[in-house]
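Residue numbers (this note's numbering), protein chains in the order written: chain S, 116 to 393; chain E, 5 to 250.
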Amino acid sequence: MTVAGSVEPELYRSGRRKRSRRRRFNLIAALVGVAVAVTVVVAPDWGLLAEKYADLDRARDLFPDIVTTATKNTLVYTTFSFIGGLLLGVSAALLRMSSLRAYRWIAAVYIEVFRGLPALLTIVLVGLITPVALQFQFPEILGVPTGGIVALSLVAGAYLAETVRAGIEAVPKGQIEAARSLGMTHTTTLWRVVMPQAIRIIVPPLTNELVLLLKDTSLLAVLGVTIATKELTQFGQDAANQGYNATPLLAAGLMYLMVTIPLTRLVAYLERRNKVMR
Amino acid sequence: MRTPAIELVGLRKSYGDNEVLKGIDLAVAKSQVVCIIGASGSGKSTLLRCVNRLEEPTGGEVRIDGIDICHPDCDLDLVRRRIGMVFQQFNLFPHLKVRDNVTLAQRKVLGRSRADAEAVADDMLGRVGLTEKVDSYPSQLSGGQQQRVAIARALAMEPDMMLFDEATSALDPELVGDVLDVMRRLAAEGMTMLVVTHEMDFARQVADHVVFMDGGTICEQGPPETIFGNPTEARTRQFLERVLHH
Numbered sequence: 116m117t118v119a120g121s122v123e124p125e126l127y128r129s130g131r132r133k134r135s136r137r138r139r140f141n142l143i144a145a146l147v148g149v150a151v152a153v154t155v156v157v158a159p160d161w162g163l164l165a166e167k168y169a170d171l172d173r174a175r176d177l178f179p180d181i182v183t184t185a186t187k188n189t190l191v192y193t194t195f196s197f198i199g200g201l202l203l204g205v206s207a208a209l210l211r212m213s214s215l216r217a218y219r220w221i222a223a224v225y226i227e228v229f230r231g232l233p234a235l236l237t238i239v240l241v242g243l244i245t246p247v248a249l250q251f252q253f254p255e256i257l258g259v260p261t262g263g264i265v266a267l268s269l270v271a272g273a274y275l276a277e278t279v280r281a282g283i284e285a286v287p288k289g290q291i292e293a294a295r296s297l298g299m300t301h302t303t304t305l306w307r308v309v310m311p312q313a314i315r316i317i318v319p320p321l322t323n324e325l326v327l328l329l330k331d332t333s334l335l336a337v338l339g340v341t342i343a344t345k346e347l348t349q350f351g352q353d354a355a356n357q358g359y360n361a362t363p364l365l366a367a368g369l370m371y372l373m374v375t376i377p378l379t380r381l382v383a384y385l386e387r388r389n390k391v392m393r
Numbered sequence: 005m006r007t008p009a010i011e012l013v014g015l016r017k018s019y020g021d022n023e024v025l026k027g028i029d030l031a032v033a034k035s036q037v038v039c040i041i042g043a044s045g046s047g048k049s050t051l052l053r054c055v056n057r058l059e060e061p062t063g064g065e066v067r068i069d070g071i072d073i074c075h076p077d078c079d080l081d082l083v084r085r086r087i088g089m090v091f092q093q094f095n096l097f098p099h100l101k102v103r104d105n106v107t108l109a110q111r112k113v114l115g116r117s118r119a120d121a122e123a124v125a126d127d128m129l130g131r132v133g134l135t136e137k138v139d140s141y142p143s144q145l146s147g148g149q150q151q152r153v154a155i156a157r158a159l160a161m162e163p164d165m166m167l168f169d170e171a172t173s174a175l176d177p178e179l180v181g182d183v184l185d186v187m188r189r190l191a192a193e194g195m196t197m198l199v200v201t202h203e204m205d206f207a208r209q210v211a212d213h214v215v216f217m218d219g220g221t222i223c224e225q226g227p228p229e230t231i232f233g234n235p236t237e238a239r240t241r242q243f244l245e246r247v248l249h250h
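And the structure:
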């Protein structure tokens, strides 16, 4: 649409070409999306799906055990393992930064080994083999079998150690210099100046580790369970096996999400807040 | 002759093969203000940081009131509480309010009660003109205000001497004046001060003694009138021409 006599600039011609290419791309993307949506709606046998995945009668039968036993156990295992993992993790992180080479080595070996092994293997190794090999029985605490919890703590501790160390090292060196120049001892500096700042840095990734740990408690079932010690996944699996119906698994999945989604939302919030504070 | 407050004797510092301080002799008398000037990389900050052993000297002695603090038996924490230090990057504790920044070391190091420490903190923050900021967090303050809090934090320990490591270098130009005013007042009150600075006017007006460093050595030192008015060394003249005429 050039005005007669004037030459249309190359800039405009090129810009128009790009705009029409963009439009064509958007149109194709929209068509693909519609095709996928139609397939998803039309293809499955919804009646069968509803029966196999969302059988409300079966779902009702899961209560209250799915909450009072399965979810409770999952949360208890998670809490115990997380506390154990934190103790191990903070210790390993401090050892890792020790001035003594031997301590640094011990911590490094621990961290590398347990981060490098699959959690499942560690659980079997610690929970099943150790009691046999060392003639040692893991005690029950408050009705909770501790073998698997020790194993999970070892795994979590190895990951948490690196998170904690990264947090401590992220505190600027000038903070330590300022504290020491005021005459504070090494210990006072660590607990009054470095740690409070490190914790703020650590909490978001720590919460992520908590979510991972929560999901890993599903592995504990390999150690064998009783009705009272079933956690969510095993509970769902056992219930699903009666009559080949996936409803209990879906219900167990929803239970996980009810815990994990608020946690991951919390991480997002904390990360946003941290950005503002620095 | 009276014992100097700070005395460096043949002070050396190297990082691997890189010798940053090549045998420094320097004395700061009580109530004296000594300014160290020189290009970046000349070793002036390293020298200052050796005085309270934030940097570990590799040779020579650092004497505070005549006592060598590099002696293995020396309790550094006791030495450091007598030497206030102010950093280029302020290094306020970001997780603490302004008042708590000033009380933390008083309480943990000097063992003062919270009430006593807060009284001292409010007094010191008043002296640097920040009474209304006691409940703010450092991130809510301008650079100049943060640096004045840092000075108050150091002064609250009632130190015998103060080290300033390029205290105004990280500040916007319009904020430098407030910090220099506080330092001027401190000098007038008779504080012993060792000041690494790029502020030539401050050095000229406030210093009793000016030290020009170059390449890890003291190239020239003397009263400010001589160093700025009639330097003998060519390197001093070159440096001053570069910083004063641009």
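Note that CB positions come from ideal geometry on N, CA and C, so glycine has one too.
CA nearest to the CA of residue i, picked from the options
{"i": "residue 196(E)", "options": "120(E), 89(E) and 121(E)", "result": "89(E)"}
{"i": "residue 11(E)", "options": "28(E), 183(E), 106(E) and 78(E)", "result": "28(E)"}
{"i": "residue 189(S)", "options": "355(S), 383(S), 382(S) and 343(S)", "result": "343(S)"}
{"i": "residue 26(E)", "options": "62(E), 9(E), 198(E) and 67(E)", "result": "62(E)"}
{"i": "residue 15(E)", "options": "141(E), 221(E), 238(E) and 215(E)", "result": "221(E)"}
{"i": "residue 209(E)", "options": "231(E), 148(E) and 7(E)", "result": "231(E)"}
{"i": "residue 19(E)", "options": "39(E), 86(E), 122(E) and 59(E)", "result": "59(E)"}
{"i": "residue 79(E)", "options": "56(E), 96(E) and 94(E)", "result": "56(E)"}
{"i": "residue 239(E)", "options": "8(E), 22(E), 6(E) and 218(E)", "result": "218(E)"}
{"i": "residue 120(E)", "options": "131(E), 54(E), 106(E) and 132(E)", "result": "106(E)"}
{"i": "residue 156(E)", "options": "135(E), 224(E) and 181(E)", "result": "135(E)"}
{"i": "residue 312(S)", "options": "301(S), 380(S), 196(S) and 389(S)", "result": "389(S)"}
{"i": "residue 346(S)", "options": "127(S), 191(S) and 303(S)", "result": "191(S)"}
{"i": "residue 287(S)", "options": "68(E), 77(E), 141(E) and 96(E)", "result": "96(E)"}
{"i": "residue 334(S)", "options": "318(S), 128(S), 129(S) and 196(S)", "result": "196(S)"}
{"i": "residue 64(S)", "options": "242(S), 268(S) and 164(S)", "result": "Chain S is shown from 116 up to 393; residue 64(S) falls before or after that span and cannot be answered."}
{"i": "residue 115(E)", "options": "300(S), 125(S), 317(S) and 141(S)", "result": "300(S)"}
{"i": "residue 183(S)", "options": "350(S), 161(S), 384(S) and 162(S)", "result": "350(S)"}
{"i": "residue 2(E)", "options": "179(E), 34(E), 24(E) and 247(E)", "result": "Here chain E comprises residues numbered 5 to 250, so residue 2(E) is not present and cannot be evaluated."}
{"i": "residue 232(S)", "options": "256(S), 271(S), 209(S) and 215(S)", "result": "271(S)"}
8 Å Cβ cutoff met for residue i and residue j
{"i": "residue 370(S)", "j": "residue 186(S)", "result": "yes"}
{"i": "residue 154(S)", "j": "residue 332(S)", "result": "no"}
{"i": "residue 251(S)", "j": "residue 261(S)", "result": "no"}
{"i": "residue 360(S)", "j": "residue 173(S)", "result": "yes"}
{"i": "residue 367(S)", "j": "residue 238(S)", "result": "no"}
{"i": "residue 168(S)", "j": "residue 365(S)", "result": "yes"}
{"i": "residue 168(E)", "j": "residue 201(E)", "result": "yes"}
{"i": "residue 158(E)", "j": "residue 166(E)", "result": "yes"}
{"i": "residue 264(S)", "j": "residue 199(S)", "result": "yes"}
{"i": "residue 249(E)", "j": "residue 38(E)", "result": "no"}
{"i": "residue 86(E)", "j": "residue 8(E)", "result": "no"}
{"i": "residue 150(E)", "j": "residue 94(E)", "result": "yes"}
{"i": "residue 320(S)", "j": "residue 177(S)", "result": "no"}
Alpha-carbon to alpha-carbon, residue j and residue i
{"i": "residue 45(E)", "j": "residue 213(S)", "result": "31 Å"}
{"i": "residue 235(S)", "j": "residue 74(E)", "result": "54 Å"}
{"i": "residue 198(E)", "j": "residue 206(E)", "result": "13 Å"}
{"i": "residue 355(S)", "j": "residue 203(S)", "result": "37 Å"}
{"i": "residue 189(E)", "j": "residue 217(S)", "result": "52 Å"}
{"i": "residue 222(S)", "j": "residue 36(E)", "result": "50 Å"}
{"i": "residue 137(E)", "j": "residue 205(S)", "result": "36 Å"}
{"i": "residue 284(S)", "j": "residue 308(S)", "result": "13 Å"}
{"i": "residue 125(S)", "j": "residue 131(S)", "result": "10 Å"}
{"i": "residue 143(E)", "j": "residue 98(E)", "result": "7 Å"}
{"i": "residue 289(S)", "j": "residue 24(E)", "result": "20 Å"}
{"i": "residue 152(E)", "j": "residue 193(E)", "result": "17 Å"}
{"i": "residue 64(E)", "j": "residue 51(E)", "result": "12 Å"}
{"i": "residue 123(S)", "j": "residue 318(S)", "result": "59 Å"}
Measuring CB atoms only, is the segment 108–122 of chain E touching the segment 322–330 of chain S, in the sense that at least three cross pairs come out at less than 8 Å? no
Using 8 Å as the cut-off, can you tell me whether the segment 242–251 of chain S makes contact with the segment 276–289 of chain S, which would need three or more C-beta pairs spanning the two stretches below that distance? no
Counting pairs of beta carbons, one from the segment 111–130 of chain E and one from the segment 172–182 of chain E, are three or more of them closer than 8 Å? no
Counting pairs of beta carbons, one from the segment 292–301 of chain S and one from the segment 219–238 of chain S, are three or more of them closer than 8 Å? no
Runs of 4 residues minimum, wholly inside the segment 174–234 of chain E: which ones carry the alpha helix (DSSP H) assignment? 177–192, 204–210 and 228–233
Ranges of the beta strand (DSSP E) found wholly within the segment 65–140 of chain E, counting only runs of at least 3: 87–90
Threshold first: 4 residues or longer. Then list the alpha helix (DSSP H) segments lying entirely within the segment 126–197 of chain S, N to C. 161–168 and 171–177
What are the uninterrupted segments assigned as beta strand (DSSP E) that are 3 or more residues long and contained completely in the segment 141–173 of chain E, given in chain order? 165–169
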